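Structure, as structure tokens:
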Amino acid sequence: MARFPANGPPRWGLAQGMHPGQLADSAAARGMMDDTGNIPGPHAPPRRGLRARVLGAVRGPGAAKVAGLTALRILAAIGTLLSVTVIVRVFPVEAAGQFFVFLAAAQFVAGAALGPLLTLAIRFGSVHKADGDREALGRLIVFGGGAIVSVTGLVLLAQPLVTQRAPLVPGEAWAFAAVAALSGAMFFLGGLARVNGKVIAAIVPENLLRPAGLALAAITLWLAGAAAFPALSAAYAVVLVAVCAVLAFMAPWRAARFAPAPLSAWRPYFKAYGPLLAYGLVSTALTTFHILILSYTASVEAVPAFKAAVQYAMLLTTGVIFANLIHGPQIAIAHARGDLPALQRLARSSSRLALGFYALAFAPLLTGPFLFELAFGEIGREAWGLALILCAGRFIDAWFGAATNIANLTGRTTLLALMQGAGILVLVAFGFALGGKLGGFGVAIASSLANGIWVAGIAVALQNDLKLKMGPG
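So the mapping is simple: my numbering equals the position in the sequence shown, first residue as 1, plus 1466.
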């Protein structure tokens, strides 16, 4: 008979330098461990290590979903750039500039006030649907609809005040309110569609059908002889209606039950909406204020070249988006377990991935303005110069990779919003100071400075707080 130490039999596997995952495989192979199904009473499934989770995500069906989402994101960025190209080429400079200013203002209102509805839909809707709570899901839908109607009403009331002070938002109040409301509805319906399990299907109308529809509408209007701003803004509203109609079919309406509820039942939505509203305000301001500042300090004729450069610069952030999609779950798991080495590896990997995409997208700029002149015509050379400046600011994004994602996933959203708020102050101060002297180039410099300052700021804060070294090295 074998003799065991006083403290019991040896710990097979671990005594041989094996980690717990290998122990389970070895014991099962040798028949030295009972099947957990034979043990009476409740028992928890074995916990998988971080390495096993990462390998499972790469090898499993989730990898195909991530690849599909990334491909759609890239196509969306290219599609939006092509829609801008079509508008710049077929519409007069003044009409195109007016439309881009109109669109930036509408996107600011929708992104700041209604953009949080996307997060609310996913955060609460997923839980309500999983729990089978039909009344809670109905309340969430009513809350989102009420927010859209309320913001639309406020826009209609505030529109005359805005247009009287400065020509930032040309056009009729109803058209601006319609575009803002429909953009918010698109966010909310897209979130509800994802709650219903239609992740990739929801992204297609949001990010692909919308720019494709806008380009088609622009070409149709130009052929019909309606190459003016009012026709283009109305056509965009029609495109948004079509996109919202497609998304509405994917939302979990049948799983919802609409019934009266006490005020306490609505409190979680209002409580969550406040911080998201503040974050949406600063985030959207960073992506729209530069165009509004340029239209104020220079003219609407200077906007098309700047808009073309901005859309090209957006291509360079594809690597950051890709890194966030791949590493997001692993970052959350590593933070929850306090696994700093794993979090450091993920931060470094995301930076290298983002820099790789940045290099691919930046390379065409080095060939000179020829490609921009071919795409955008007379404004091509100016757009190329502006793109060089804007892409220099995007380099900071790529260098620090998933810094923004890590801040959000580790519960530092307030810090992130404060850093972005500092970026807005830099954008406004330098934008007005340089825009009046250098036009679009001055605003581009201000935008690059603002973007670099807040991204670098959050990276330094993470390094001090989490002891993470952000960057590829």
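Glycine included, C-beta positions come from ideal geometry on N, C-alpha and C.
Remember, predicted model here, so these are calculated numbers, not experimental data.
Pick from the options: whose alpha carbon is nearest that of residue i?
{"i": "T1753", "options": "A1701, G1657, A1578, L1682", "result": "A1578"}
{"i": "P1938", "options": "L1680, V1709, G1867", "result": "G1867"}
{"i": "A1849", "options": "P1741, L1893, L1547", "result": "L1547"}
{"i": "G1569", "options": "A1829, G1746, F1755", "result": "For the sequence presented, residue 1569 should be read as Leu rather than Gly. Considering only alpha carbons, the answer is F1755."}
{"i": "G1804", "options": "G1657, L1932, Q1564, L1586", "result": "L1932"}
{"i": "L1706", "options": "G1656, L1620, A1858", "result": "G1656"}
{"i": "I1815", "options": "P1728, F1836, A1827, V1786", "result": "The question names Ile, yet the displayed sequence has Ser at residue 1815. Residue V1786 is the option with its Cα nearest to S1815."}
{"i": "A1825", "options": "L1884, L1781, P1734", "result": "L1781"}
{"i": "G1906", "options": "A1771, I1614, P1807", "result": "A1771"}
{"i": "G1563", "options": "I1799, K1903, A1692, I1757", "result": "I1757"}
{"i": "K1903", "options": "P1734, Y1762, L1806, R1660", "result": "Y1762"}
{"i": "L1747", "options": "I1607, S1730, L1882", "result": "L1882"}
{"i": "G1598", "options": "R1723, A1624, I1845", "result": "R1723"}
{"i": "V1776", "options": "T1686, A1829, G1851", "result": "G1851"}
Would you mind stating whether residue i and residue j have Cβ atoms separated by less than 8 Å?
{"i": "F1695", "j": "A1774", "result": "no"}
{"i": "P1677", "j": "G1822", "result": "no"}
{"i": "N1917", "j": "G1887", "result": "no"}
{"i": "G1901", "j": "A1751", "result": "no"}
{"i": "A1561", "j": "L1698", "result": "yes"}
{"i": "I1924", "j": "I1855", "result": "no"}
{"i": "G1610", "j": "L1583", "result": "yes"}
{"i": "W1688", "j": "F1557", "result": "yes"}
{"i": "T1985", "j": "L1742", "result": "The requested residue 1985 is not part of the displayed model; the chain covers only 1467 to 1939."}
{"i": "A1576", "j": "G1679", "result": "no"}
{"i": "A1721", "j": "L1603", "result": "yes"}
{"i": "V1621", "j": "F1590", "result": "no"}
{"i": "L1812", "j": "F1788", "result": "no"}
{"i": "A1692", "j": "E1601", "result": "no"}
{"i": "F1898", "j": "L1915", "result": "no"}
Let me confirm a value: residue i is counted as buried when at least 16 other C-beta atoms fall within 10 Å, else exposed. Which label applies?
{"i": "I1797", "result": "buried"}
{"i": "T1551", "result": "buried"}
{"i": "S1616", "result": "exposed"}
{"i": "P1718", "result": "buried"}
{"i": "T1870", "result": "buried"}
{"i": "K1595", "result": "buried"}
{"i": "T1618", "result": "buried"}
{"i": "F1736", "result": "exposed"}
{"i": "I1666", "result": "exposed"}
{"i": "L1832", "result": "exposed"}
{"i": "N1673", "result": "buried"}
{"i": "L1893", "result": "buried"}
{"i": "A1690", "result": "exposed"}
{"i": "S1817", "result": "buried"}
{"i": "A1542", "result": "buried"}
{"i": "A1827", "result": "buried"}
In chain order, what residues of the same chain have a beta carbon less than 7 Å from the beta carbon of residue i, not counting five sequence neighbours either side?
{"i": "H1801", "result": "L1809, L1875, T1876"}
{"i": "L1928", "result": "A1869, I1872, A1873, L1934, M1936"}
{"i": "G1908", "result": "L1900, G1901"}
{"i": "T1783", "result": "R1860, D1863"}
{"i": "Y1778", "result": "L1547, A1853"}
{"i": "I1588", "result": "G1657, R1660, V1661"}
{"i": "F1574", "result": "T1750, A1751, T1754"}
{"i": "F1566", "result": "I1757, V1769, P1770, K1773"}
{"i": "L1760", "result": "A1768, V1769, F1772, G1901, G1906, V1909"}
{"i": "A1668", "result": "G1656, A1659, R1660, L1713, M1716"}
{"i": "Y1739", "result": "P1582, L1586"}
{"i": "A1744", "result": "A1883"}
{"i": "P1830", "result": "L1837"}
{"i": "V1559", "result": "E1767, P1770"}
Among the residues of its own chain, which have a CB less than 8 Å from the CB of residue i, if the five just before and after it don't count?
{"i": "V1670", "result": "L1538"}
{"i": "A1684", "result": "S1549, V1552, I1553, V1556, F1557, L1698, A1701"}
{"i": "I1614", "result": "L1580, L1583, A1647, G1650, A1651, F1654"}
{"i": "R1847", "result": "P1835, F1838, E1839"}
{"i": "T1858", "result": "Note that residue 1858 is Ala in the sequence shown, not Thr. Same-chain partners within the cutoff: S1914."}
{"i": "Q1625", "result": "V1635, A1639, F1642, A1643"}
{"i": "A1922", "result": "I1862, F1866"}
By Cβ distance below 6 Å, which residues in the same chain neighbour residue i in space, the five residues on each side in sequence not counted?
{"i": "V1709", "result": "M1652, P1671, L1675, R1676"}
{"i": "A1644", "result": "A1703"}
{"i": "K1664", "result": "M1716"}
{"i": "A1727", "result": "R1605"}
{"i": "P1734", "result": "none"}
{"i": "I1607", "result": "A1722"}
{"i": "I1919", "result": "G1889, V1892"}
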